[in-house]
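Encoded structure:
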């Protein structure tokens, strides 16, 4: 069960409201790199967690934290929209250049939300829940979480660079910090479970006879004119310690030429296809 | 530039066509765990790759392979739909129980595609390209790729279990194998770049003074009644080697109580809000 | 069956074409507060109306009116796009500041629609029909309609403020007026059916023994640190006249700690979860 | 800031797991009538609330409760999926009729989530956040909330009817009860603000000279062959007390025949249009 | 302006209600091949029509007809849902095989719409308005319309085959007939404008010096192992009469190897990319 | 199976990077008129092609070419983003007017992709695969392809006009040329199959007794006040040569007044509907 306390997890101060930055901040709320995504992803993973209950607890605790991130970011968006012009007259009275810049705000902040945050990204595209990745496989989920936090910290760093507002920089430095922890937290689960060697390939419970292992460890060079890029993935032991990496260069197809033959009567095709 | 040869990358045989399994296979084509996603994700990452060109090459080569996976899976869907009833009369002539089972096929395989594959998932929801994760950050992208291949191999393993058809099991064992390689391939890039220690936190180019580092290494226990789940993430050196993990239990909010005050005139609010 | 006459329901005049305002107007066509939504919502409600046929008639009549609103708004968008620059040369010849402002138009008005209206909102996001709310329950549908018209009039008022064009203000004052009527029209159905007391709770046909009525009339204060906000909802008779409002403060969870136990073999989980 | 306690808000018991019912229950989680919607809607409304802070508090408190509803419904889905067949062999061993019925489960519960809840509706369509209605206008938002709870209780009642499982009926009776309260709670705000008379038309702050009031109080009969359906909306005082309802029958268009004239050169039209 | 008369454009009779067929019929309402699409497509094309006003009229007249098609199909869906079980008890009382078949109905017809039509396709995916193709180019739009009606008649034919109900077959034979007319109607516009020779390439107003015409008339064989499929497109005069078709076999790339070089500081990339 | 060579199909040069033009170019990648659409559409049509295998080959060859178009357009987007400001400080140092113009770039090019192409349109809306039209009917698919290429060439012509950059104009002139060929290529299939007369109505395999042919050849004038627009579609032989066009003016509805009667108990309706 969830509870709430009235203060924000972290102080939000905006020195100079900036409606364009409000638009950019939306990416951190409703973008695929944003906080709705991680809050809901950890929440659904927690609800589906099977095995040691400590992972369920861990997921739910951090899901709860991410809800608090949505909350302070939402407040930051609203504060950046303070003072944005709500009438054409008001706008016209201002420096025309300012108007041009305001032309870059999300018009739905004015028309739809009444100068407050929305669950959309920086293009105004609503977040959709297909981005909540929760597979029921602990390792796959940890990877999904590390990915989400990695792209989240990339975003927060770019937002930090995109503003000169001291209050916003302070808030974003907190977000950058928490994304640091969360990246490591999920990867630490993989470490604890034995690292790559024990974890891979995901799922590690697939019986070996379900796998055509002769195809499991070669890098396929599908280029007609480029040499194989050499690296950790082209030779040496595989990360799971079960085999050796190798290379298959300019591969020949191993399958048949596909053909479906004639269309059947009553299947809605043209006569010429039958 | 792309080229094509007429044979499939791998042989596709269906011993007993099964329209319901055709529906399930769609998840491997148009699901978020599927092949359109990885083909397009690696393709867009390659187009945006900056730094050592070998990663661009590697991404494009595997993008090309994934296009070939779409191709043989698409053929598998069509073969599973061979013989599905196209008229009510035809269906009624069969065992009523068979009908009931056929009730479980995707009706759009009949109505919309003429008994062939569609770019949709097992629920018939079309793939949407917001799932193509490509950040311009190499490490974040490698995580996204490992995540995609992890969930892809989970899916392929579940599909393997969901059929008794020898041809389909053979094809899926190939897919399971390639997903094994691809998981490792992307994680091997991270290994090559120095592993977790050098890679984390993503992006590793964020200046330390952009980060409130006092918040970077504690696990936040937001539960009112559960002890902190102990693990690799609660104590010991952080994975990036820069600090020590710790725990913050039952945290107090650090921010203010948010309040936006009165609504402005002409902002479309109710009078009572002004 | 539908019919059409060639004149618009209301005169549309644009004194000074404004491509940026064309973008804003799109919200009234293809936004969730817009006319496609209400036209289709009332249309589908009418098709599913059960009970007294007069509600079906009423819904279909207003659905038909809303189609006419789409039509004149679509014309308004096209007139606002008259004269927008279609070549870079043409644009460069103008005042650079004007260009900057034009930078705020929807580029797809130029690239995709050839300077005319599209079924998208002010961010260019296409309307999707999941916003057509039609439950088969008359009272729930009337609430949905009052909601749509309420947010529609909020939008029309904001658009009215966002333009200085006399023609557009005239057209919007008509839209504001019709939204006034439509709000009241749907709420008047509820009045006619006996008002809140007879209508609530929706659906009023749910047998009382399907409801854990001991939980039906208290306000739940889930905050750890805020007093319950007192009001009409915390004491006094409930709006349906069946009970008294009360408050449950700082509630204890009443359920169990959820746990799903081990993952099953062959379910695609990691070995450690089994 | 959010907090969590480990027990569910309400006990969840499933006597006989039923994978088909799990699919149906998804509508209450990820459907437009479901709990993600209300949780997020109240949360975003709270973040944008201007005026008396007690409404912000009220919204946040109930948002928090709705998060707890997602949680126990998610557990209910997982419990209904216990024992669903994960292999074709397992399935074939059972009564073929049972298989047919299982054909009705959501295949992604097996393939994608590992037998747990997903943020999708009963058709497997992911929830998208465009359904979070938050306008910044208190009355419009209260209508949106009453609408959401009205359709939510309709859904919960239908789900109650659709199961014979005592545990599920008990859980749903709690949900029905809370939806009763929440419907009333939001409408009670409108009562407190003076009821329809003071609240309508929404927004009540639009200056009267922005409205073509001669069009504000007639019902428009757009039918060519049906009499106007008489009711509270065709005569008598308007709900806002400002005027009298009337009827406009078989209305004549008041606007012009629209015509856009020739297409401009370089606009991508056919030559014949220029 | 739109008007309505109370009778349906065509009689709808359902001899034996069939909830599964109701699900299939949804494709003709809310599918990409369905009636909402064509109604809205012709409507938006009409609103953007430039040039001879007779095309605007023609488009609006047929848009209006398509609205009437939505209406009778919506009624057909509701009639097919008559008698579908609304309680588990009711369902259990019936033949278990019937239940299994009913397992194939769209559950949202029960849970969300109260046994009536929805603006969704046969998978329950809502129609989205991005499928309204309206370019402002008359010939491109006519092609889009012929395409829509072509796929629409394919769908109607498949639905005809998928039912044994005489009433439904009668209604569908009407739909098949109207799709015949509408296909021809739009292509007749192209004939009237001079056929392929005058119309192609679309847009025919693009100045020839905007086109690298040396690339305009060869078929590109990108296959490594297949001969060029010979046909009308490989030799002989081009359809626009401006040139001759030819073939380019096993083409060499004409462009450069792309490379983006190093990532810039502060761009959120990893250090190793800079 | 697919292969790749490292050079682009066509040279991409950008003389003056322009982040706003990068946004516009996205329409040609991820718009409905763009290259992802045609690549995937031809690919899925090829996988479902039944009848003469030469059409499958043709489709796959052009699908492969379109993948190469995505690739060079993706490079063009990245080159246009070179030098876009990544920090607020950098931006502030520049001419404020330039900033205003940059306000028109897609912020996600900065925040999400790290200055490279994304699979989205000019509004930042991700491409969704429901736009991949593949019916299994050869003629319907050829129409869909001609439509896609027609709107594609309209878009490329508009983009050509929207830039003054010589390199971009050169690249677009190539795209315009290939769209010329592809339009003709698909229509040439229809010519080869006997032209309109043999092809129409699509599908030409629908038995004539499935069609209410008395409704197949009249134009329906649904306008109350406009004369029928005369043209090739109102008189003379139908395009399929089977009949004569005629006109039905001011049509009377032929169907019944729909009515669904009372709602059933337990169906979630209000009591008053029962």
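Chains as they are written, first to last, in full-length UniProt numbering: chain A, 1 to 274; chain B, 1 to 274; chain C, 1 to 274; chain D, 1 to 274; chain E, 1 to 274; chain F, 1 to 274. For every residue, glycine included, the Cβ atom is placed at its ideal position computed from N, Cα and C.
With H, G and I counted as helix, E and B as strand and the rest as coil, what does DSSP make of residue i?
i, result
"residue 244(B)", "strand"
"residue 14(F)", "coil"
"residue 120(F)", "strand"
"residue 218(D)", "strand"
"residue 223(E)", "strand"
"residue 275(A)", "With chain A represented from 1 up to 274, any question about residue 275(A) goes unanswered, as that position is not in the structure."
"residue 52(A)", "coil"
"residue 72(E)", "helix"
"residue 85(F)", "coil"
"residue 43(A)", "helix"
"residue 265(C)", "coil"
When the distance is taken between beta carbons, is residue j closer than 8 Å to residue i?
i, j, result
"residue 105(F)", "residue 147(E)", "no"
"residue 57(A)", "residue 229(B)", "yes"
"residue 240(A)", "residue 196(A)", "yes"
"residue 190(F)", "residue 154(E)", "no"
"residue 180(D)", "residue 254(C)", "no"
"residue 238(C)", "residue 184(D)", "yes"
"residue 115(B)", "residue 78(B)", "yes"
"residue 14(E)", "residue 143(E)", "no"
"residue 53(D)", "residue 216(B)", "no"
Which residue from the options puts its Cα closest to that of residue i?
i, options, result
"residue 36(E)", "121(E), 15(E), 50(E)", "121(E)"
"residue 110(E)", "225(E), 209(E), 19(E), 269(E)", "19(E)"
"residue 250(A)", "225(A), 33(A), 261(A), 274(A)", "225(A)"
"residue 1(C)", "61(E), 45(E), 42(E), 14(E)", "61(E)"
"residue 50(C)", "187(C), 144(C), 271(C), 138(C)", "138(C)"
"residue 223(B)", "59(A), 28(A), 40(A), 212(A)", "59(A)"
"residue 130(B)", "119(F), 132(F), 136(F), 123(F)", "119(F)"
"residue 125(F)", "26(F), 3(F), 175(F), 264(F)", "26(F)"
"residue 160(B)", "187(D), 68(D), 158(D), 86(D)", "86(D)"
"residue 65(B)", "88(A), 221(A), 210(A)", "221(A)"
"residue 211(D)", "214(C), 157(C), 231(C), 211(C)", "157(C)"
"residue 214(E)", "31(F), 176(F), 90(F)", "176(F)"
"residue 188(A)", "245(B), 150(B), 165(B), 172(B)", "245(B)"
List the residues of chain G that residue i touches, going by C-beta distances under 8 Å, in chain order.
i, result
"residue 21(A)", "No chain G appears in this structure, whose protein chains are A, B, C, D, E and F."
Review point. At a Cβ cut of 7 Å, what residues of the segment 120-154 of chain B count as close to chain C, listed as they run along the chain?
Key: Residues of the segment 120-154 of chain B with a C-beta atom less than 7 Å from some C-beta of chain C are 154, listed in chain order.
Practice item. Report the residues of the segment 77-89 of chain F with a CB closer than 7 Å to any CB of chain A, ordered along the chain. Key: The segment 77-89 of chain F vs chain A, Cβ under 7 Å: 86, 87, 88, 89.
Exercise for review: Taking only runs that begin and end inside the segment 156-214 of chain F, name each unbroken alpha helix (DSSP H) of 4 or more residues, in chain order.
Suggested key: List check, alpha helix (DSSP H) in window: 166-192, 195-199.
Point to revise | Where the segment 155-178 of chain C meets chain D: residues whose CB sits under 7 Å from a CB there | key: Cβ contacts with chain D: 157, 160, 173, 174, 176, 177, 178.
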